[in-house]
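Take 9 as the starting number for the sequence shown in the working numbering and just add one per residue.
Backbone N, C-alpha and C fix where the C-beta goes; we use that ideal spot for every residue, glycine too.
The structure appears right after this line, and notes come after that.
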Amino acid sequence: LLATMPDAQAVICVSDLSAFGALTECQRRGVAVPGQISIAGFGDYEIGSVSVPALSTINPFPRQIGARTAALILDVLDGRQTTLALVQICPDLLIRESSV
Numbered sequence: 009l010l011a012t013m014p015d016a017q018a019v020i021c022v023s024d025l026s027a028f029g030a031l032t033e034c035q036r037r038g039v040a041v042p043g044q045i046s047i048a049g050f051g052d053y054e055i056g057s058v059s060v061p062a063l064s065t066i067n068p069f070p071r072q073i074g075a076r077t078a079a080l081i082l083d084v085l086d087g088r089q090t091t092l093a094l095v096q097i098c099p100d101l102l103i104r105e106s107s108v
């Protein structure tokens with residue numbers, strides 16, 4: 009990415025693990041994060057909070073999604089839920105040192 013888009017100001021990665029890889033490569037190349045480029049991940053993995061700088065990320069609350077999905081399935085199987093249900097679980101944007 010750095011070679012093909014040298015003027016990029018930010019990288020938003022599919023996961024915190026890939027964001028950590030991008031951070032490591034930037035540090036290896038002497039690219040300042042967040043001075044020259046900002047990096048953000050997805051998933052709110054522990055690696056993001058302990059990296060230096062700490063990675064900005066999005067927490068999608070996967071356990072809440074799983075628990076709510078399981079509850080809806082049980083409601084359908086038990087006959088308590090017969091119509092479609094709209095459930096909204098809003099993610100959190102955690103702005104940390106990698107993007108400020």
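Any heavy atom of the ligand MN inside 7 Å of the beta-carbon of residue i?
i          : result
residue 56 : As for the ligand MN, it is missing from this structure, which has no ligand bound.
Out of curiosity, what's the CA-to-CA distance linking residue i and residue j?
i          : j          : result
residue 27 : residue 89 : 40 Å
residue 50 : residue 91 : 32 Å
residue 40 : residue 82 : 50 Å
residue 31 : residue 71 : 27 Å
By the DSSP assignment, the alpha helix (DSSP H) with residue i in it spans what residues?
i          : result
residue 41 : Looking at the DSSP string, residue 41 is not in any alpha helix (DSSP H), and its letter there is neither H nor E.
residue 80 : 70 to 85
residue 97 : Careful: residue 97 lies outside any alpha helix (DSSP H) and carries neither H nor E.
residue 55 : 54 to 58
Using 8 Å as the threshold, is the C-beta distance between residue i and residue j below it?
i          : j           : result
residue 45 : residue 11  : no
residue 64 : residue 106 : yes
residue 55 : residue 19  : no
residue 66 : residue 97  : no
residue 36 : residue 62  : no
Could you tell me how far apart the beta carbons of residue i and residue j are, in whole angstroms, since I believe they sit closer than 8 Å?
i          : j          : result
residue 94 : residue 53 : So it is not a contact: roughly 29 Å between Cβ atoms.
residue 99 : residue 69 : 7 Å
Quick one: give me the first and last residue of the beta strand (DSSP E) that residue i is part of.
i          : result
residue 22 : Run containing residue 22: none; DSSP gives neither H nor E here.
residue 65 : 65 to 67
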